[in-house]
Each structure stands twice: as C-alpha cells, then as structure tokens.
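**Q**
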Amino acid sequence: MQKNATASINTAANAGGMPAAGRLNWSTRMAFILAATGSAVGLGNIWKFPYITGENGGGAFVLLYLFCIALIGIPLLIAEVMIGRRGKHSPPDAMKALAKEAGVSRHWSLVGWVGVITGFLLLSFYLVVAGWAVSYIFTAGTGAFHGASGDEIGAMFGGLVGDPVATTVWGSVVLLITSAIVIKGVKQGLERAVTTMMPGLLVLLLVLVGYAMTTGHFAEGVNFMFNPDFSKLTGTSVLVALGHAFFSLSLAGGGMMTYGSYLGKDVSLGKTVLTIGVLDTLVALIAGLAIFPIVFANNLEPGAGPGLIFVTLPIAFGQMPMGQVVGLLFFIMLSFAALTSAISLMEPAVSFLTEKKGYSRLKAGSMTAAGIWVLSLGSVFSFNIWQDHTLYGKTFFDVLDYLTSSWIMPLSGLAMAVFTGWVMKKTSTKEELPNGMTHTLWRFLIRYITPVGILAVFLNAIGVMG
Ligand code: TRP
0 MQKNATASIN TAANAGGMPA AGRLNWSTRM AFILAATGSA VGLGNIWKFP YITGENGGGA
60 FVLLYLFCIA LIGIPLLIAE VMIGRRGKHS PPDAMKALAK EAGVSRHWSL VGWVGVITGF
120 LLLSFYLVVA GWAVSYIFTA GTGAFHGASG DEIGAMFGGL VGDPVATTVW GSVVLLITSA
180 IVIKGVKQGL ERAVTTMMPG LLVLLLVLVG YAMTTGHFAE GVNFMFNPDF SKLTGTSVLV
240 ALGHAFFSLS LAGGGMMTYG SYLGKDVSLG KTVLTIGVLD TLVALIAGLA IFPIVFANNL
300 EPGAGPGLIF VTLPIAFGQM PMGQVVGLLF FIMLSFAALT SAISLMEPAV SFLTEKKGYS
360 RLKAGSMTAA GIWVLSLGSV FSFNIWQDHT LYGKTFFDVL DYLTSSWIMP LSGLAMAVFT
420 GWVMKKTSTK EELPNGMTHT LWRFLIRYIT PVGILAVFLN AIGVMG
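Heads up, the sequence shown is in numbering that gives the first Met the number 0, so the first residue is 0 and it goes up one at a time.
(1) Can you tell which of L390, L122 and L281 has its C-alpha closest to the C-alpha of L65?
(2) Any idea what DSSP makes of Y447, helix, strand or coil?
(3) Going along the chain, which residues of its own chain have a beta-carbon closer than 8 Å to the beta-carbon of G21, five neighbours each way excluded?
(4) Give me the Cα-Cα distance between L62 and N226, rounded to the nearest whole angstrom.
(5) Ligand 2 and F246: does any heavy atom of the ligand fall closer than 6 Å to the residue's C-beta?
(6) When you compare only the Cα positions, how much space is there between I453 and L413?
(7) Just to check, is the beta-carbon of G276 closer than 6 Å to a non-hydrogen atom of ligand 1?
(8) Is G326 near ligand 1, judged by its Cβ being under 6 Å from some heavy atom?
(9) Return the chain-ordered list of same chain residues with a C-beta closer than 8 Å to the C-beta of K87, the five sequence neighbours on each side being excluded.
(10) Can you find a CB in chain B that lies within less than 7 Å of the CB of W372?
(11) Verify whether the separation of the beta carbon atoms of S178 and G364 is less than 7 Å.
(12) Classify S334: buried if its beta carbon has 16 or more other beta carbons within 10 angstroms, exposed otherwise.
(13) Roughly how many angstroms separate the alpha carbons of A296 and K47, rounded to a whole number?
(14) When burial is assigned at 16 or more other CB atoms within 10 Å of the CB, is E190 buried or exposed?
(15) Beta-carbon separation of G435 and S343 under 7 Å?
(16) Which partner residues of K393 appear in the DSSP bridge assignment?
(17) Confirm the yes/no value for this check: CB of A192, any heavy atom of ligand 1, distance under 6 Å.
(18) Would a C-beta distance cut-off of 7 Å place D279 and V456 closer than the cut-off?
(19) DSSP on I308, reduced to helix/strand/coil?
(20) Within the chosen definition, does the segment 235 to 245 reach the segment 307 to 323 through at least 3 CB pairs nearer than 8 Å?
(21) For F330 and L262, I'd like the C-alpha separation in whole angstroms.
(22) What does a CB cutoff of less than 7 Å around E100 pick up in its chain, not counting 5 residues either side in sequence?
(23) From the DSSP output, in three-state form, read off T235 for me.
(24) Do A240 and N44 have their C-beta atoms closer together than 7 Å?
(25) Around the Cβ of W25, are there at least 16 other Cβ atoms within 10 angstroms (buried) or fewer (exposed)?
(26) I'd like the span of the alpha helix (DSSP H) that includes Y50, first residue to last.
(27) Taking S381 as part of the alpha helix (DSSP H), name the residues at either end of that continuous run.
(28) Look at the alpha carbon of F60 and the alpha carbon of G302, and state the distance between them as a whole number of angstroms.
(29) So M224 and L288 are in contact, right, with Cβ under 8 Å, and what is the actual spacing, rounded?
(30) CB of S474 to nearest heavy atom of ligand 1: below 6 Å?
(31) Straight-line CA distance for G184 to T166?
(32) Excluding the 5 residues preceding and the 5 following L312 in the sequence, name in chain order all residues of the same chain whose CB lies nearer than 8 Å to its CB.
(33) Hey, how far is the Cα of S104 from the Cα of R446?
(34) So for S89, helix, strand or coil by DSSP?
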C-alpha cells in the first residue's frame, strides 16, 4: 500500500537506480529505519566504542556517553532528519530551503556543506578500518587464530596495519564496493543487507558475551563498564564522549539529513529516531560486554587503542569451540555493518553532485571515490610509514578522527540545534512532529538542554586544554 504519491512514482521508476526526477524515495517506513539503523550501527559501536571506553577509564565515560546520547544525540537526530525531510534536497540546499522558509540568511546552507565535507573526511579513515575487518574475514576463515597466544595475535594485527600496501588494497576494496552500491542507488541492496546482517551481528555478539561469561572475568568487565570512577577520566574524556555520541548516531555527517530527504511525511520522527538510538546504544554496550572480560582474562590493556577488538576477539575465536566459524561469521557481519555506514557517509556528496551539478551518479560517485581514496592514504600510512609524523602526539588518522568527532560535528550539531529550535518557526517544526507531547519535549530539549550541553562540554575542554 502506498501512502505517499511521490514515493509511489519514484519507487516504480527506481527499480534499479535513480528515478527520472533525480530523487530517491524510501518505499516504506521500514526501509528508512533499516537504512538509518544501518548507518548508525557500524564500526563506531563495535570497534570505536570499546577502545575509547578503554582509553577513558570505563564506567564514568560510559555514563557520560549515555547522557550525551539521550540529551544531545536523540534530539539532534530528530532535528537532522527533520531538516532533510522538510528541506527535500541534499544537505546544503535543504538548509537553504528551510532558511528561506524561516526568512533568514541563506548562509545557513554552510551547515549542510560542513555535513557533506565531514562525511567525506570520515569515510577516508572509516574505510581503512573497514578494510582491516574485511581482511580479518580471511584470517579468521583460514583458522589462523586457532590456539594462537595473545602475543601471536597481537603480532598478526601489527603485521597487517604495518603493511601499507596490504591495507591500501583492503581499503580500496571497501571503497570500490561502497561506491558501486552508492552509484547504483542506495536503496535496493541496503534493505536486504541490513535485514539479514543486523540480526546476525546481534546474535553473534550475544554468543561472544556468552563466551565472555566463561572466562571467569565477566564481573570484572561489567564492573569496568558500569561502575563509574570519575577519577579515571582524562582531560578530554567529556569531549570524546560527546563526539562519540555524534559519531555513533551518524550525526552531522550529512548522511541522516540526506536519508531524511528521501523520507515521506507520514513517518513518525520521534518514534523512529528513538528506535534507532536505542538499537545503536544496545549494540555498543553488548560489544563492550563481549570485549572487556576477554581483555581482563588475558591481561591485556583496556586502553590499547584502535587495535583493541582486532586483538581481543581473535583470542576468543582461537579458544572457543567452533571459533573458526564464529570468527568468520563475525568479521563478515562486521564488514557489512561497516559497509552500510560507509554508504551513508558517501551518499551526501553524491546526492549533492548529482542534484547541484547535474552529474550522473556514475560520474559523481567516481569523483567522490577518487578524492576519498587519495585522502585515505594518510590514514593508511598513520599506522606504518608515517607513524612518527605526529601533531601533539597524534597521527594523521588520530587528528582526522579528533577534529571531526570532537569539534566539527558537535559544532555543526550546535548550529542545527539553534536552527531547528530557535530559527525555524514553531508551526513548521510542529508540522514535522505532530504529536503535541513529543513536540513540546523535543523543543524544550533542542532549545535549552542540547545547545547548553554542547557548550558546556566545549568550555570544559577548552578549560582543561588551555
Ligand atoms: N555511525 C557510524 C558508526 O558508528 C559511522 C557513520 C556513518 C557516521 N555515517 C555517519 C558518523 C555520519 C558520522 C556522520 O560506525
């Protein structure tokens, strides 16, 4: 049953790619939920959340993160999808259209621009880590983890990231697949990939939690994650927690705004966004519960950094019954989760170039991919030939991650909060969130709590740094 006339026309024309009108539309509410959840759930949940939780001392950081998701992330995700859906264009023009509606400067389109560029920057390092995950499908599948010691598994990971050629090749494979799907029109493959892979990933994570319970260090892992000790926070922990709320919910990278622009009016924003936020948070917490007991059982360092899951989980796969199969499936599903996120990082730029410059999706996709590939070399080399080229102790990879997650995304989040809370007319936002209670609560959060929260985190960070 079609509820939306535009959607039905475009969907019919869109069987294999883009509709003639140039705009893609989700066929159902479910399609959007799946695509947006696919965007949110990714390496951020399974790779990044555990390693930054480890680096920032555990429980207190997790608590800060949960606050950031609830009070800043969820209201902003509603705001971002709302801007896309109401603006009905790629991010810069969606912002421009709404600025016009509200009678303010069209320079608000800058927020959309920053989103598109941020997606581009993020993808350049995201695909490198996704490449590690893809290469581990083969490492796990050949049984290489079986019976290996923690040191041997650490050496395997070191060997992989230390090899600039291999990691460039794996990253390029990810980029090629991502671009092929984006060029073809994101809708088709995405629905299927997300419906099969996401539940699979969840089941495997639960299997890993089950294994973690047998290590004898489960309680230690739970304690590490949920017993807040604020003295363990470092100076930038609060900023990192905020940044990760943005990263994990795919906020301020243009993706959710672009996906929102393909969304029909009949979908309840509040409920949909809440579903996505809860799922995203659950996956991250479950990943942590699987990983930290293994860390403690094997005397590993929780603050080991970006290699954490690539060292801890293979130890589990090497020891558990059927570990070869479980490991193989795990890295396949992790790669899919990364892919559905990578797609949402690339789509904004392609959507923008097709809409604004009139390029075909093939041309727009190829150009975007070429740019991203060149930039990705900087992240590849951060783990080998450029590992000693650092700025304030941070490699190119670290700098890119830190600048985007901790500064650029929260800043553009602040701008989106001000825009939807203070600039857009109340009657406009009310049309997007017709449920009176939801609108009142959202508007209170987005006007007062969200911006003040972001500013407080920034002031704290500037205070501790300078
Ligand atoms: N949320 C994804 C993850 O956790 C990454 C991601 C996809 C993203 N699209 C984004 C991050 C847009 C920021 C902005 O893996």
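Backbone N, C-alpha and C fix where the C-beta goes; we use that ideal spot for every residue, glycine too.
**A** If we stick to the structure as given:
(1) Of the listed residues, the one whose Cα sits closest to L65 is L281.
(2) Residue state, collapsed to three classes: helix.
(3) Below a pLDDT of 50, predicted positions are generally treated as unreliable, and G21, at 48, falls in that range; no measurement from the model is reported.
(4) Distance between the alpha carbons of L62 and N226 is about 9 Å.
(5) The ligand content of the structure shown is limited to ligand 1, which means ligand 2 is not among them.
(6) Per the coordinates, the alpha-carbon of I453 lies some 7 Å from the alpha-carbon of L413.
(7) Taking 6 Å as the cut-off, one finds no heavy atom of ligand 1 near enough to the beta carbon of G276.
(8) Placement of the Cβ of G326 at a distance of 6 Å or more from every heavy atom of ligand 1 is found.
(9) R22, A93, A96 and S260, listed in sequence order.
(10) Protein chains in the displayed structure number just one, and chain B is not present.
(11) Yes, Cβ-Cβ distance for S178 and G364 is below 7 Å.
(12) By the neighbour-count rule (16 or more Cβ atoms within 10 Å), S334 is buried.
(13) A296 and K47: Cα-Cα distance of roughly 21 Å.
(14) Buried, by the Cβ-count rule.
(15) Inclusion of G435 and S343 in the CB contact set at 7 Å is not warranted, their separation being larger than that value.
(16) Per DSSP, L390.
(17) Incorrect: A192 has no Cβ contact closer than 6 Å to ligand 1.
(18) At a Cβ-Cβ threshold of 7 Å, D279 and V456 do not count as neighbours.
(19) In the displayed model, I308 falls within a helix according to three-state DSSP.
(20) Segments in contact, no.
(21) Between F330 and L262, the C-alpha separation is close to 31 Å.
(22) If we look at E100 and ignore the five residues flanking it on each side, its Cβ neighbours are S427.
(23) Looking at T235 - three-state DSSP - the assignment turns out to be coil, as it is neither helix nor strand.
(24) Not a contact, by the Cβ cut-off of 7 Å.
(25) By the neighbour-count rule (16 or more Cβ atoms within 10 Å), W25 is buried.
(26) Boundaries of the alpha helix (DSSP H) around Y50: F48 to E54.
(27) Going by DSSP, S381 is part of no alpha helix (DSSP H) at all; its letter is neither H nor E.
(28) Answer to the nearest angstrom: the Cα atoms are 13 Å apart.
(29) Between L288 and M224 the Cβ distance is about 7 Å, and since that is below 8 Å, they are a contact.
(30) Because the chain in this structure spans residues 0 to 465, residue 474 falls outside the shown range and cannot be described.
(31) One C-alpha to the other measures close to 27 Å.
(32) Contacts found: L207, A289, I290, I293, G326 and F329.
(33) It is roughly 20 Å from the alpha-carbon of S104 to the alpha-carbon of R446.
(34) DSSP places S89 in the coil class of the three-state scheme, outside both helix and strand.
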